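Peer 1:
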Amino acid sequence: MDFELSEKHKLVKRSVRAFAEDKLGPLALIMDRDAEFSWEAAKELAKINAWGIQLPEKYGGAGLDSISYSIIIEEISRICAATGLTISVHNSVSAYPILKFGSKEQKERYLPDLASGKKIGAFAWTEPNAGSDAGAIECLAIENGNNFILNGSKIFVTNGGIASTFLIGAKYQTQKGEKGYVVFILDKDMKGFEVGEHEDKLGLRGSSTTSLYFHDIQVPKENILGKLNDGFKIGMHALDVGRIGIAAQALGIAQAAYEHSVSYSKGRIQFNKPISQFQGVSFKLAEMSTKIDAARFLLFRTAFLKDKGARFSKETAMSKYYASYIARDITQEAIQIHGGYGYMKDLPVERYYRDAKICEIYEGSNEIMKFIISREILRGNL
């Protein structure tokens, strides 16, 4: 067991950190202020193959492993968590399910454009009456010849306003009366596909979040991802993978808040010495560092298990739960260390605090993460 990053992973970390600081740093405040994703950032991200991190090279992707993916999302989120989320959702719950469950024709049709960033992906499962209760979705597809007629709506869709390719979870009913869950691949330009208004959010304001509305969309059967009635399995597996990205995003936010706290506390003089020399502050820094390291090791273990082909539902829930918890805790303490200055928009720590909170809610709330962890424990996965 080696706790050091490989030379390859160190290179990924150095390269993406330099890229994020140089290219995304100047845009992060603008995206937060304007509550709008930056297409300039999208073009820069394409240059480092960030839209196709784990897609095979034959589709134009980078073909990297899950530890590299985790590092990339963390480093991007350290500078701009909104961009980290955009990239994470595109890669993990949009492109990856097509790679894993898609037909040869679907892969050839969708993956090259997703890998290049020519098209951005989104995943839509949540509905007004189906949040934590994923099985309660009401979006319904009725079989009609060679098509399914889709009606319903989705809410809180990350990338909803900028995506062209959507994975949509729905219930279905065949002409024989068979029922179940299905995931469709939809194109934004399909007749009857409507994108709602951009949501005005507390944090991650530079990521696009919208509702989606489906009005009698005729979905060809070749747009079914995987097999009919595999929808729930595909959706839940996608979320397992997606939680790796959310954990990495939360970790990046926490890392940024921690670094700013160390720097500020060493330079802020009160009572004739740096506040970092006061135990009340230095102990906060010690706790931050310990929590970040623990979260990172949990994350890397989860990434390792995924690439090994092992079951990782418990571990990804643990990673997402713990990383999001420490991100909220560390960003709160960062504001406390900065005092009144931390509350002002002149410094980025207030943005870290706003960005961190949602990590405890989306892609499965932390209460649901605890449910998954405890369920696995009681099944014998100690």
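Sequential numbering from 499 applies to the sequence shown in the working numbering.
C-beta: ideal position from N, C-alpha, C; glycine also.
Since the structure is predicted, the reported quantities are computational estimates derived from the model, not experimental observations.
Which of the three DSSP states is assigned to A560 in this structure?
Peer 2: Position 62 of the sequence shown, counting from 1, holds the residue named residue 560. Of the three classes helix, strand and coil, the one that applies to A560 here is coil, per DSSP.
Peer 1: Can you give the Cα-Cα distance for G840 and L726, rounded to whole angstroms?
Peer 2: In the sequence shown, residue 840 corresponds to position 342, counting from 1. In the sequence shown, residue 726 corresponds to position 228, counting from 1. Each residue's Cα considered, the two are about 52 Å apart.
Peer 1: Mark M842 as exposed unless 16 or more other C-beta atoms lie within 10 angstroms of its C-beta, in which case mark it buried.
Peer 2: Numbered from its first residue, the sequence shown carries residue 842 at position 344. Exposed, since its Cβ has fewer than 16 Cβ neighbours within 10 Å.
Peer 1: Within the same chain, show all residues whose beta-carbon is closer than 8 Å to that of V779, passing over the 5 residues directly before and after it, in chain order.
Peer 2: Translated into positions along the sequence shown, residue 779 becomes position 281. Answer for V779: S763, I773 and I835, listed in chain order.
Peer 1: Which parts of the region 649–680 are runs of the beta strand (DSSP E), unbroken and 3 residues or longer, counting only runs that do not cross its ends?
Peer 2: Within the region 649–680, the complete beta strand (DSSP E) runs of at least 3 residues are 663–671.
Peer 1: Out of G643, I732 and Q671, point me to the one whose CA is closest to I596's CA.
Peer 2: Residue numbering aside, residue 596 sits at position 98 when the sequence shown is read from its first letter. For I596, the nearest C-alpha among the options comes from I732.
Peer 1: Just tell me which of A580, F517 and S811 has its CA closest to the CA of A533.
Peer 2: Your numbering for residue 533 matches position 35 in the sequence shown. If we check each option's Cα against that of A533, A580 comes out closest.
Peer 1: Considering E911, what are the terminal residues of the alpha helix (DSSP H) in which it resides?
Peer 2: With the chain covering only 499 through 880, there is no way to say anything about residue 911.
Peer 1: DSSP state of G619, grouped into three classes?
Peer 2: Here residue 619 refers to the residue found at position 121 when the sequence shown is read from its first residue. If DSSP states are grouped into helix, strand and coil, G619 belongs with the strands.
Peer 1: Are the CB atoms of A801 and S575 nearer to each other than 8 Å?
Peer 2: Locating residue 801 in the sequence shown gives position 303, counting from the first residue. Locating residue 575 in the sequence shown gives position 77, counting from the first residue. For A801 and S575, no; Cβs fall outside 8 Å.
Peer 1: Express the C-alpha separation of E572 and H758 in angstroms, rounding to a whole number.
Peer 2: Against the sequence shown, residue 758 aligns to sequence position 260. Against the sequence shown, residue 572 aligns to sequence position 74. Going by the C-alpha atoms only, they are around 16 Å apart.
Peer 1: Could you name the residues of the same chain whose beta carbon sits closer than 8 Å to that of K511, not counting the 5 residues immediately before and after it, in chain order?
Peer 2: One-based indexing of the sequence shown puts residue 511 at position 13. Taken in chain order, the residues that qualify are L503, I569 and E573.
Peer 1: Report back the beta-carbon spacing between A622 and I660 to the nearest angstrom; my notes put them in contact at under 8 Å.
Peer 2: Residue mapping note: residue 622 aligns to position 124 of the sequence shown, counting from 1. Residue mapping note: residue 660 aligns to position 162 of the sequence shown, counting from 1. The pair is not a contact, with the Cβ atoms about 14 Å apart (cut-off 8 Å).
Peer 1: For A825, which residues of its own chain have a beta-carbon under 6 Å away from its beta-carbon, when the five flanking residues on both sides are left out?
Peer 2: By one-based count along the sequence shown, residue 825 stands at place 327. These residues qualify, in order along the chain: A748, I751, A752, A854 and C857.
Peer 1: What is the DSSP secondary structure of I715, reduced to helix, strand or coil?
Peer 2: Numbered from its first residue, the sequence shown carries residue 715 at position 217. Reduced to three states, the DSSP call for I715 is strand.
Peer 1: Answer yes or no: do G765 and M529 have a C-beta to C-beta separation smaller than 8 Å?
Peer 2: Working through the sequence shown from its first residue, we reach residue 765 at position 267. Working through the sequence shown from its first residue, we reach residue 529 at position 31. Not closer than 8 Å, so no.
Peer 1: Return the Cβ separation of S566 and V655 in integer angstroms, given the expectation that the two are a contact with Cβ distance under 8 Å.
Peer 2: Numbered from 1 along the sequence shown, position 68 holds the residue referred to as residue 566. Numbered from 1 along the sequence shown, position 157 holds the residue referred to as residue 655. Contact flag wrong, Cβ pair sits at about 27 Å.
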